[in-house]
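Right, one structure below, let's go through it.
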Amino acid sequence: MEIKITKAAVLKEKPDSSTLGFGKIFTDHMFMMDWNSEKGWYNARIVPFGRIDIHPASTVLHYGSEIFEGLKAYRRKDGKVQMFRPIENIRRMNRSAERLCLPEIPEDLAMQVLTTFVELEQDWTPSAEGTSLYLRPFMFGNDESLGVHAVHNATYVIIASPVGSYYAEGINPVKIMIEDQDVRAVRGGTGYAKCGGNYAASNRAGERAAQQGYSQVLWLDGVERKYIEEVGAMNVMFKIGGKIVTPMLSGSILPGITRMSCIAVLKDKGYEVEERLLSIDELEAAMENGTLEEAWGCGTAAVVSPIGELCYKGVKYPVNNGEIGEVTQMLYDTLTGIQWGKVEDKFGWIQEI
Ligand code: PLP
Ligand code: COI
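All letters in the sequence shown, in the order written, are residues 0 to 352 by numbering that gives the first Met the number 0.
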């Protein structure tokens, strides 16, 4: 599809990479494309970054039809820019779209518009250690009417933000509160889709945990509050008695691309990985009898984030003495090594711009 490019009249000054934080600074342009149930996708354009004008009755403002993705472009030592497994984000976006009755985007078109946009904005990819250009594609239902039904109009947008570390703690271990009241998602609901509503539903527990000095919550399943699902907005993994255990994808868990990549790296290095139901009782027993060796979250934003303490029903359990464990460190080094082009990509995950 032809992409009309309108360049910004004045380009912004690039930020100092020590002050980046996460998702606070945006690049000069954004990509936009509209969809209508009769016309399909049309009006693909790159325009100066700016506000989006929407009708007060727009579907997204009332009924939450919104989905998004998150992936990163990295600057290698030789100056080239590369993305990590973008096709997986494109495929997940289409699965999310199917769940929310939003339009899917043909993979070729989604890849064409993403690469064209990243090529144009690639100078914004920072080069300091631990930094990257976070790409945020998102789509929203945009009918100008209050009827509740699958939308006839939608808009797809990609914005980009140069980022540093996601958690203020960086790669240092975080403290996690096990949440036994609110749930993030339920089987049959939208947990496996990356839709805005899931995050709105999770904020209350996150805030309660923050008030008590915890970075995030560990979610239990929405039916029995018995099985472990995710940690904050990341997938979660444990090393228990020498084996790696991670919750199986039950429908209420987001199938993370970092999760998938961690499993591939772990298996490649000879670790036994179990994707299965993991109950809070089993985890509690492992915390009590000392067989819980490591715990970490994994997701695009933080890559791998070690858990140094878990709090359950008021009891605090340190994990690996509050220090980053050996497997957690290996995963962080291997994944970031591949992402920044320092470790050979034998899996074929990298796509150069
Ligand atoms: N779980 C949730 C709820 C998320 O929002 C994310 C972030 O994208 C993840 C897991 C990790 O997914 P990925 O590794 O694809 O970033
Ligand atoms: C992740 O990349 O792990 C995230 O969860 C992103 C978050 C900002 C939604």
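Virtual Cβ for every residue (Gly too), placed ideally from N, Cα, C.
When only Cα atoms are considered, I175 and K3 end up about 46 Å apart. Ligand 2 approaches T299 closely enough that one of its heavy atoms is under 8 Å from the residue's Cβ. Within its own chain, the residues whose Cβ lies closer than 7 Å to the Cβ of S201, once the five positions on either side in sequence are excluded, are R183, listed in chain order. Here the segment 44 to 60 does not lie against the segment 126 to 137, with fewer than 3 beta-carbon pairs under 8 Å apart.
Secondary-structure assignment with DSSP links Q350 through a beta bridge to M82. At a Cβ-Cβ threshold of 9 Å, S249 and G22 do not count as neighbours. Here N42 has D33 as same chain residues with Cβ atoms under 6 Å from its own Cβ, once five neighbours each way along the sequence are excluded. Distance from the C-beta of A232 to the nearest heavy atom of ligand 2 is below 8 Å. In the DSSP assignment, A209 falls outside any beta strand (DSSP E) and within the unbroken alpha helix (DSSP H) covering 195 to 210. Pairing E65 with P254, the inter-Cα distance amounts to about 18 Å. Across the set W40, C100, E120, N319, the C-alpha of C100 shows the shortest separation from the C-alpha of T189.
Pairwise C-beta distances place the segment 199 to 216 out of contact with the segment 332 to 349, as fewer than three of them are shorter than 8 Å. The DSSP-derived three-state label of Y311 is strand.
Residue C194 holds the alpha-carbon nearest to the alpha-carbon of E68 among I243, C194, R75. Rounded to whole angstroms, R74 and S16 show a C-alpha spacing of 13 Å. Looking from the CA of G336, the closest CA among G321, E274, I262, K76 belongs to K76. Contiguous beta strand (DSSP E) elements confined to the segment 104 to 151 occur at 131 to 140, taking only those with 3 or more residues. Ligand 2 has a heavy atom closer than 8 Å to the beta-carbon of Y198. Cβ-Cβ distances below 6 Å link T245 to M236, E274 in the same chain, with the five nearest sequence neighbours on each side left out; the list follows chain order. Counting along the chain, the unbroken alpha helix (DSSP H) around M329 starts and ends at 325 to 338. Annotation: H61 to V318 spans about 42 Å, alpha carbon to alpha carbon. Relative to E106, the option among W40, G146, L132, G49 whose CA is nearest is W40.
Shown here, S95 sits in a helix according to DSSP, grouped into three states.
Around the beta carbon of E97, a 10 Å sphere encloses fewer than 16 other beta carbons of the protein chains shown; the residue is thus reported as exposed. In the structure shown, Y165 falls within a coil segment according to DSSP collapsed to helix, strand and coil.
Measuring C-alpha to C-alpha distances from D142 to each of V80, S36, Q210 identifies S36 as the nearest. In terms of Cβ geometry, L265 and V303 do not form a close pair [threshold 9 Å].
In the three-state DSSP reduction, H54 falls in the coil class, being neither helix nor strand. Not a single heavy atom of ligand 1 lies less than 8 Å from the C-beta of N320. Per the Cβ contact rule, the segment 221 to 235 is in contact with the segment 279 to 297 (3 or more Cβ pairs under 8 Å). In this structure, ligand 2 has no non-hydrogen atom nearer than 8 Å to the beta-carbon of G205.
Shortest gap from the CB of K193 to any heavy atom of ligand 1: under 8 Å.
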